[in-house]
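Heads up: the sequence shown is residues 1 to 353, going by the UniProt record's numbering. Where a beta carbon is used, it is the ideal one built from N, C-alpha and C, also for glycine.
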Amino acid sequence: MFIGLCGTICAGKRTIANFLAEKHGFQVLRLAAPSTQLERNTGAAKAVIPCIDRDVRAGDGDVSRGDGEDEAVPTFGSVEELLDYVTPRWQQRFVTTDIWTEDVLEALLKRPFFLLVGVDAPLVVRWRRYLENCKDHPIPTLEEFVSKADAHMFDRTTGLAPLFVRATVYLLNSSSSLASLHEQLSAIDLVDETRLRPTWDAYFMQLANLAAQRSNCMKRRVGCVLVREKRVISTGYNGTPRGLTNCNEGGCDRCNGGSAGGSSLSTCLCLHAEENALLEAGRERISRGSILYCDTCPCLTCSVKIAQVGISEVVYSQAYSMDNKTAEVLSAGGVHLRQFSPPREGIVYCNDV
1 MFIGLCGTIC
11 AGKRTIANFL
21 AEKHGFQVLR
31 LAAPSTQLER
41 NTGAAKAVIP
51 CIDRDVRAGD
61 GDVSRGDGED
71 EAVPTFGSVE
81 ELLDYVTPRW
91 QQRFVTTDIW
101 TEDVLEALLK
111 RPFFLLVGVD
121 APLVVRWRRY
131 LENCKDHPIP
141 TLEEFVSKAD
151 AHMFDRTTGL
161 APLFVRATVY
171 LLNSSSSLAS
181 LHEQLSAIDL
191 VDETRLRPTW
201 DAYFMQLANL
211 AAQRSNCMKR
221 RVGCVLVREK
231 RVISTGYNGT
241 PRGLTNCNEG
251 GCDRCNGGSA
261 GGSSLSTCLC
271 LHAEENALLE
281 AGRERISRGS
291 ILYCDTCPCL
301 TCSVKIAQVG
311 ISEVVYSQAY
321 SMDNKTAEVL
331 SAGGVHLRQF
341 SPPREGIVYC
351 NDV
């Protein structure tokens with residue numbers, strides 16, 4: 001596993017890298033900055049904020065490391081050299097804070113063992129960290145710090161924002177205690193291998209989520225995938241039947257009229273995602289062992305149909321108002337129902353606890 005940490009100055013990237021090294025046996029690797037990055041950080045601003053410039057050149061803004069700390073850390077002149085080192089050792093664990101450009105990121109993302117993690121913190125928190133860790137250096141004004149931090153992320157040529165937004169996990173690190181930060185990092189389990197390659201559940205649920213993006217129902221987007229022996233039989237999403245005006249174009253009066261959830265269902269013209277998947281597959285293609293993945297727990301009406309066609313299992317991610325009734329019907333019909341809970345992604349708050 002190879003984790004890349006990318007984010008704002010003084011967000012704590014190096015602290016998190018050290019945590020991974022100390023607690024999970026990761027080896028820290030360095031990647032030399034490209035010339036454009038060095039040129040930006042050796043200009044006039046260097047005399048104003050030397051501590052920030054030192055760490056930006058090193059690939060971080062977490063100014064907590066001491067001088068000489070990087071002496072034993074392997075350093076590579078290019079991403080190709082870095083990958084030549086890591087690839088044959090892919091079963092080991094590595095971490096770097098040196099994600100410089102989109103070209104570097106593209107090269108790393110091609111490897112199935114690489115995970116990009118974004119690290120950020122509120123500006124006031126980062127400013128205080130800088131002041132605490134650079135007491136032996138000339139202290140810039142807050143405006144100078146903000147200017148440097150903005151350039152680090154938003155400069156059109158060398159800014160890291162285009163890289164940061166591609167992260168799988170975003171750690172918002174406002175912790176003031178190392179113990180608290182370590183506790184929360186342990187809880188989210190960054191080293192979970194399923195973050196690298198989706199399990200079958202995660203894979204099919206992602207397909208269901210993708211199908212939901214095609215939904216034209218004005219009330220709720222729902223997607224569904226029907227699977228047998230780990231092969232997709234059919235997919236479905238909710239919306240009006242073929243030949244009728246799409247719901248989002250006024251095709252269903254009930255959905256467009258703002259009816260409360262669960263009310264006036266008999267007047268709704270929209271087929272549910274599960275219904276569309278079952279109709280697409282047909283009874284002859286469904287057999288015992290088939291699994292239905294749906295991003296929302298099926299309603300009571302759909303659960304009756306699911307039990308009728310002989311599906312063995314229903315896996316869902318989001319709850320629905322009829323979950324208990326659905327569970328009763330599916331249980332009586334011999335259909336196993338379970339909720340899928342993937343590793344946490346998106347924004348993860350790391351606050352003091």
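Pull up the CB-CB distance for residue i and residue j, whole angstroms please, since I reckon it's below 8 Å.
i: Cys6; j: Leu163; result: 5 Å
i: Leu269; j: Gly251; result: 6 Å
i: Val79; j: Ala33; result: 12 Å between Cβ atoms; not a contact.
i: Met205; j: Tyr320; result: Going by Cβ atoms, the distance from Met205 to Tyr320 rounds to 15 Å, so no, they are not a contact pair.
i: Val95; j: Ala17; result: 5 Å
i: Pro343; j: Asp120; result: The Cβ separation is near 19 Å, so there is no contact.
i: Ile9; j: His137; result: Between His137 and Ile9 the Cβ distance is about 14 Å, and since that is not below 8 Å, they are no contact.
i: Arg14; j: Thr97; result: 6 Å
i: Ala211; j: Ala273; result: 7 Å
Residue i: which of the options sits nearest, CA to CA?
i: Gln213; options: Glu106, Val146, Asp295, Cys255; result: Asp295
i: residue 371; options: Ala273, Thr301, Ser303, Gln308; result: Nothing in the structure corresponds to residue 371, since the chain is present only between 1 and 353.
i: Lys110; options: Arg129, Arg126, Met322, Trp90; result: Trp90
i: Glu102; options: Arg156, Trp127, Lys135; result: Arg156
i: Val227; options: Glu249, Trp200, Arg126, Val125; result: Trp200
i: residue 380; options: Val169, Glu284, Trp100, Val225; result: Coverage of the chain is limited to positions 1 through 353, which leaves residue 380 absent and any answer about it impossible.
i: Arg231; options: Gly289, Asn248, Ser175, Leu279; result: Gly289
i: Arg93; options: Tyr130, Val28, Ile139; result: Val28
i: Pro122; options: Cys247, Ser175, Ala179; result: Ser175
i: Ile99; options: Arg166, Asp84, Leu142; result: Arg166
i: Val146; options: Trp127, Cys134, Asn133; result: Trp127
i: Ser317; options: Asn209, Ala187, Asn248, Val124; result: Asn209
i: Pro334; options: Val314, Asn324, Asp84; result: Checking the sequence, you will find Gly at residue 334 rather than Pro. Here the closest residue by C-alpha is Val314.
i: Ala327; options: Val304, Asn248, Glu143; result: Val304
i: Ala187; options: Glu345, Ala149, Glu229; result: Glu345
i: Gly12; options: Ile139, Asn133, Arg242, Glu249; result: Asn133
i: Lys219; options: Leu83, Lys135, Cys247; result: Cys247
i: Ala21; options: Lys325, Asp253, Glu284, Leu190; result: Leu190
i: Leu299; options: Asn324, Leu279, Arg283, Glu284; result: In the sequence on display, residue 299 carries Cys and not Leu. Considering only alpha carbons, the answer is Asn324.
i: Tyr349; options: Pro241, Glu183, Leu131, Met322; result: Glu183
i: Ser341; options: Val125, Asp84, Phe26, Pro198; result: Pro198
i: Arg242; options: Thr158, Val124, Leu279, Glu229; result: Leu279
Buried or exposed: where does residue i fall if 16 or more other Cβ atoms within 10 Å of its Cβ makes it buried?
i: Asn351; result: exposed
i: Ile347; result: exposed
i: Ser177; result: exposed
i: Phe154; result: exposed
i: His336; result: exposed
i: Gly66; result: Legend: pLDDT at Gly66 = 38, less than 50; position of this residue unreliable, no value from coordinates given.
i: Arg338; result: exposed
i: Gly257; result: exposed
i: Ala58; result: With a pLDDT of only 34 at Ala58, under the threshold of 50, the placement of this residue in the model should not be trusted; the figure read from the coordinates follows. Buried: at least 16 other Cβ atoms inside 10 Å.
i: Lys23; result: exposed
i: Ala44; result: Only weak support is given to the placement of Ala44: the predicted model assigns it a pLDDT of 35, under 50, and the value that follows is read from those uncertain coordinates. Flag for Ala44 reads exposed.
i: Ile3; result: buried
i: Thr245; result: exposed
i: Ala72; result: exposed
i: Ile311; result: buried
i: Leu142; result: exposed
i: Leu129; result: It should be pointed out that residue 129 corresponds to Arg in this sequence rather than to Leu. The residue in question, Arg129, is buried, as its Cβ has 16 or more Cβ neighbours within 10 Å.
i: Pro140; result: buried
i: Gly223; result: buried
Look at the Cβ atom of residue i, then the Cβ atom of residue j, and state whether they are nearer than 8 Å.
i: Gly239; j: Asn216; result: yes
i: Met1; j: Phe113; result: yes
i: Asn173; j: Leu181; result: yes
i: Leu330; j: Ile291; result: no
i: Arg30; j: Pro74; result: yes
i: Val202; j: Ser234; result: The displayed chain sequence assigns Ala, not Val, to residue 202. No, the pair does not count as a contact, with Cβ atoms beyond the cut-off.
i: Leu116; j: Arg195; result: no
i: Cys302; j: Glu275; result: yes
i: Gly118; j: Val86; result: no
i: Phe19; j: Leu171; result: no
Report yes or no: is there a C-beta of chain D within less than 8 Å of the C-beta of residue i?
i: Arg93; result: Within the model displayed, chain D is absent; a lone protein chain is all it includes.
### Message
To test your reading of the DSSP string, which unbroken alpha helix (DSSP H) runs of 4 or more residues are found completely within the region 64–128?
### Response
Taking only runs of at least 4 residues, the alpha helix (DSSP H) segments lying wholly in the region 64–128 are 79–86, 102–109.
### Entirely enclosed alpha helix (DSSP H) segments - the UniProt domain "CMP/dCMP-type deaminase" (199–337), minimum 4 residues
Qualifying alpha helix (DSSP H) stretches, in chain order: 200–212, 253–256, 273–281, 300–309, 323–332.
#### Entry: Those runs of the beta strand (DSSP E) which lie wholly inside the region 143–178 and span at least 3 residues
Runs of the beta strand (DSSP E) lying entirely within the region 143–178, each at least 3 residues long, are 169–173 in chain order.
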